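Visitor: Our numbering numbers the first residue of the sequence shown as 86 and each following residue consecutively.
The following block contains the structure, expressed as structure tokens.
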Amino acid sequence: MQKPGKVHLVGMLGTGVRGLVSILRARNVHVSGSDSSGKSLPLEFQRLGVECSPVHEEANLGSDVDFLVHTAAVGDDNAEVRKAHRLGIPVLKYSEFLGKLMGEGRGLAVAGTHGKTTTSSMTSWILYSAGKDPSFVIGGRIPELGSSRQGKGCDFVAEACEYDRSFLQLKPEAAVVTNVEEEHLDCFKDMEDILGAFQQFINRVPKKGLLVLNADDPQAMSLAPAAVCRNIQTFSLDSTVGDWQASQLRSDGLGSVFILTGPGGIRQPVKLGMPGRHNVKNALAAAAICRWVGVSAEKISEGLESFPGVHRRFEILARDPVTVIDDYAHHPTEVEALLSAARDVGFSGKVIGVFQPHQFSRLRQMLDAFAEALAGFDEILVTKPYQARDSREDQSAVSSNMLTREIELRGGTASDTPAFRDARARLDEIVLAGDAVIFMGAGSITALASEYAGKPGAIEIVGNLSKVGV
């Protein structure tokens, strides 16, 4: 791709698009943009001299722009997109532009229904700490490094999202599939449709590349026979067939310790500073891809031990007298893994959850599964769902009260707290010293977590704050 002089980003504060800002500025590309989500402009963008209009209008787009890049949520009816078409300015989805950036280096992509943010973050951190100086764009934020980075090395790590089939715009030389489950049923018809998309994705990995699959996930493994890539490695905690495994695994406070075993006789002690078996699996996948690009087992172990975690992935906001944890979990499988990790830590008091369902449609489709997963908390508080891409039918068909009733039918203790102020009031009634309070969801629940933990700059909670996301 010829180096652009100016790029305009529509939906600039969206999870993926915002990661392009620091990379483009590091390349001395002028960046402008717009975002109507109501989110505040990050300080890092202000330091980089980037401006973002809070409304979408034609006046935001200059005729000197080389590319307009937009989120999957922005359609052709957007005023800036319409103007770009009229002026002959190339219009690309975020995933298309990311694919062009990845094509300039050695692309390393991490896909999967769950775990892709943590796995791609671990991969980026290991490469960075081993001196590989990678570039990366991920869906979370790593302390010290952020959510994206322009490095001088040849490796480009990207989180490959299946939503809207975005990952089909990438052509990586190596790829991980952490797992495959039913998700994003607003853009996929069924599991067969999801698997078809993942098959197309892995077939973009060349024959002499690397494909890393979760041997404990039958859906992921079903992709292997038709894969173009012949160099397939697997990772596993539940069987002996995985090429990469964690032997002698045990919990260790807020983390895990194990012996990393891999091809070529690798046996390397690892101390991982994140709890939960799911994070050990993420570490195995990251180890596989980092070893393929030339990182030694010793450097992989050092990277995993120093890995600082990811924003909103079992992120501890406060510890005494109550442990406050903020997590992105918004799918039943993620909730189960999160609760299991919390039990592994062994908090002295109760484990209390505060859950904001993300999308009425997802809650409607997975009501029973959510109830099963959430019933394991000592008490669970459920807020009004976060609205994003939901039809009126979905909004009227399901509620927080319906979920709490289903949880109680399964023996759980649940409270219907539609507004954030309701949840805060209930927490004030039930939380004791030694308890752990876990805030879960992909929407605005993180604001309540910060407020409850007493974080400086946290917004005052006056209601649910739910709004349409991007």
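For each residue, glycine too, the CB sits at the ideal point set by N, CA and C.
Quantities reported herein were computed from a predicted structural model and do not represent experimental measurements.
Rounded to whole angstroms, what is the Cα-Cα separation between D411 and Q472?
Guide: Within the sequence shown, residue 411 is the residue found at index 326, counting from 1. Within the sequence shown, residue 472 is the residue found at index 387, counting from 1. Using only the alpha carbons, I get a separation of about 20 Å.
Visitor: Below 6 Å CB to CB, which residues in the same chain sit around Q304 once its five sequence neighbours on both sides are set aside?
Guide: For the purposes of this step, residue 304 is taken as the residue at position 219 of the sequence shown. Here the set comprises V265.
Visitor: Which one or two residues does DSSP pair with H115 in a beta bridge?
Guide: Looking up residue 115 in the sequence shown gives position 30. Looking at the DSSP assignment, H115 forms a beta bridge with K91.
Visitor: Can you grab the Cα-Cα spacing for the pair L339 / A426, in whole Å?
Guide: Taking the sequence shown and counting its residues from 1, one reaches residue 339 at position 254. Taking the sequence shown and counting its residues from 1, one reaches residue 426 at position 341. One C-alpha to the other measures close to 9 Å.
Visitor: Taking the alpha-carbon of V326 as reference, which of D301, S341, A311 has the nearest alpha-carbon?
Guide: The residue labelled residue 326 in the question sits at position 241 within the sequence shown. If we check each option's Cα against that of V326, D301 comes out closest.
Visitor: How is N367 classed by DSSP in three states: helix, strand or coil?
Guide: For the purposes of this step, residue 367 is taken as the residue at position 282 of the sequence shown. In the structure shown, N367 sits in a helix (DSSP, three-state: H, G or I).
Visitor: Tell me which same chain residues have a C-beta within less than 6 Å of the C-beta of L126, skipping the five on either side of it?
Guide: Walking along the sequence shown from the start, residue 126 turns up at place 41. The residues are C137.
Visitor: By the three-class DSSP mapping on this structure, what secondary structure does D405 have?
Guide: Residue 405 sits at position 320 when you count from the first residue of the sequence shown. Note: D405 maps to coil in three-state DSSP.
Visitor: What is the DSSP secondary structure of Y413, counted as helix, strand or coil?
Guide: Within the sequence shown, the letter at position 328 stands for residue 413. Looking at Y413 - three-state DSSP - the assignment turns out to be coil, as it is neither helix nor strand.
Visitor: Keeping to the same chain, check which residues put their C-beta closer than 7 Å to that of H115; ignore five residues upstream and five downstream.
Guide: Working through the sequence shown from its first residue, we reach residue 115 at position 30. Counting only Cβ-Cβ distances below 7 Å, and skipping sequence neighbours, we find G90, K91.
Visitor: What would DSSP say about P310, mapped onto helix, strand or coil?
Guide: Counting from one through the sequence shown, the residue named residue 310 turns up at place 225. Reduced to three states, the DSSP call for P310 is helix.
Visitor: Please state the DSSP three-state secondary structure of F455.
Guide: Residue 455 sits at position 370 when you count from the first residue of the sequence shown. If DSSP states are grouped into helix, strand and coil, F455 belongs with the helices.
Visitor: Who are the near neighbours of L94 in its chain, counting only those whose CB is closer than 6 Å to its CB and skipping five residues on each side?
Guide: Residue numbering aside, residue 94 sits at position 9 when the sequence shown is read from its first letter. For L94, where only same-chain residues beyond five positions count, the Cβ hits under 6 Å are V102, G118, V154.
Visitor: Please return the same chain residues whose Cβ sits closer than 6 Å to the Cβ of I279, not counting the five positions on each side in sequence.
Guide: The count along the sequence shown starts at 1 and reaches residue 279 at position 194. Answer for I279: F273, listed in chain order.
Visitor: Once you ignore the five residues that flank D453 on each side, which residues in its own chain have a CB closer than 8 Å to its CB?
Guide: Against the sequence shown, residue 453 aligns to sequence position 368. Counting only Cβ-Cβ distances below 8 Å, and skipping sequence neighbours, we find E491.
Visitor: With distances taken from CA atoms, which of S180, E165, E181 is nearest I174?
Guide: Here residue 174 is taken as the residue at index 89 of the sequence shown, counted from 1. The shortest C-alpha separation from I174 is found at E165.
Visitor: Locate the alpha helix (DSSP H) running through T156, then write down its first and last residues.
Guide: The residue given as residue 156 occupies position 71 in the sequence shown. It is not in any alpha helix (DSSP H) - T156 carries neither H nor E in the DSSP assignment.
Visitor: Using the three-state DSSP reduction, which class does A538 fall into: helix, strand or coil?
Guide: As a working note, residue 538 is residue 453 in the sequence shown. The answer is helix: DSSP assigns A538 an H, G or I state.
Visitor: Strictly by DSSP, which residues pair up with A259?
Guide: The count along the sequence shown starts at 1 and reaches residue 259 at position 174. According to DSSP, A259 bridges with L193, L295.
Visitor: Please find out if some non-hydrogen atom of the ligand SAM comes closer than 6 Å to the beta-carbon of L109.
Guide: Of ligands this structure carries none, so the ligand SAM is not represented either.
Visitor: When we look at the beta-carbon of M86 and count the other beta-carbons within 10 Å, is it buried (16 or more) or exposed?
Guide: As a working note, residue 86 is residue 1 in the sequence shown. That one is exposed.
Visitor: Could you say which of L308, G99, Q333 lies nearest to A196 if we only look at CA atoms?
Guide: Taking the first residue of the sequence shown as position 1, residue 196 is located at position 111. Nearest of L308, G99, Q333 to A196, Cα basis: L308.
Visitor: May I have the straight-line CA-CA distance separating F152 from D520, to the nearest angstrom?
Guide: Along the sequence shown, read from residue 1 onward, the residue named residue 152 stands at position 67. Along the sequence shown, read from residue 1 onward, the residue named residue 520 stands at position 435. If you take the alpha carbons of F152 and D520, they lie about 51 Å apart.
Visitor: Would you mind listing the alpha helix (DSSP H) stretches within the segment 493–522 that are 4+ residues and don't spill past its ends, in chain order?
Guide: Segments of the alpha helix (DSSP H) lying fully in the segment 493–522: 505–515.
Visitor: Name the residue from G192, Q318, A499, E457 whose alpha carbon lies nearest to the alpha carbon of I515.
Guide: Residue mapping note: residue 515 aligns to position 430 of the sequence shown, counting from 1. The candidate whose alpha carbon is nearest that of I515 is A499.
Visitor: Per the DSSP calculation, I227 is bridged to which residue(s)?
Guide: What you label residue 227 is simply residue 142 of the sequence shown in a count that begins at 1. Paired residue(s): G231.
Visitor: Please classify T319: does DSSP put it in a helix, a strand, or coil?
Guide: Numbered from its first residue, the sequence shown carries residue 319 at position 234. Strand, per DSSP.
Visitor: Pick out whichever of L448, V467, E493 has its Cα sitting closest to the Cα of A460.
Guide: Numbered from 1 along the sequence shown, position 375 holds the residue referred to as residue 460. Checking every option, the nearest Cα to that of A460 belongs to E493.
Visitor: Work out the CA separation of R495 and L98 for me, nearest whole Å.
Guide: Position 13 of the sequence shown, counted from the first residue, corresponds to residue 98. Position 410 of the sequence shown, counted from the first residue, corresponds to residue 495. Computed Cα separation, rounded: 39 Å.
Visitor: Using 7 Å as the threshold, is the C-beta distance between S206 and I227 below it?
Guide: In the sequence shown, the residue the question calls residue 206 occupies position 121. In the sequence shown, the residue the question calls residue 227 occupies position 142. Taking 7 Å as the Cβ cut-off, S206 and I227 qualify as a contacting pair.
Visitor: Return the chain-ordered list of same chain residues with a C-beta closer than 8 Å to the C-beta of S209, the five sequence neighbours on each side being excluded.
Guide: Within the sequence shown, residue 209 is the residue found at index 124, counting from 1. Around S209: P219, F221, I223, I227, L230, R234, V242.
Visitor: When DSSP labels each residue in this structure, what does M86 get in the three-state scheme?
Guide: Mapped onto the sequence shown, residue 86 falls at position 1. Reduced to three states, the DSSP call for M86 is coil.
Visitor: Take the Cβ of L172 as the centre, count every other Cβ of all protein chains shown within 10 Å, and call the residue buried at 16 or more, exposed below.
Guide: Within the sequence shown, the letter at position 87 stands for residue 172. L172 comes out exposed.
Visitor: Between K185 and the rest of its own chain, which residues show a CB-CB distance below 6 Å, the 5 nearest in sequence each way excluded?
Guide: Taking the sequence shown and counting its residues from 1, the one referred to as residue 185 is at position 100. Closer than 6 Å at Cβ, skipping near neighbours: M86.
Visitor: What's the C-alpha gap between K469 and P442?
Guide: Locating residue 469 in the sequence shown gives position 384, counting from the first residue. Locating residue 442 in the sequence shown gives position 357, counting from the first residue. Roughly 7 Å between the two C-alpha positions.
Visitor: State the DSSP-derived secondary structure class of E383, mapped to helix, strand or coil.
Guide: Locating residue 383 in the sequence shown gives position 298, where the first residue counts as 1. Reduced to three states, the DSSP call for E383 is helix.
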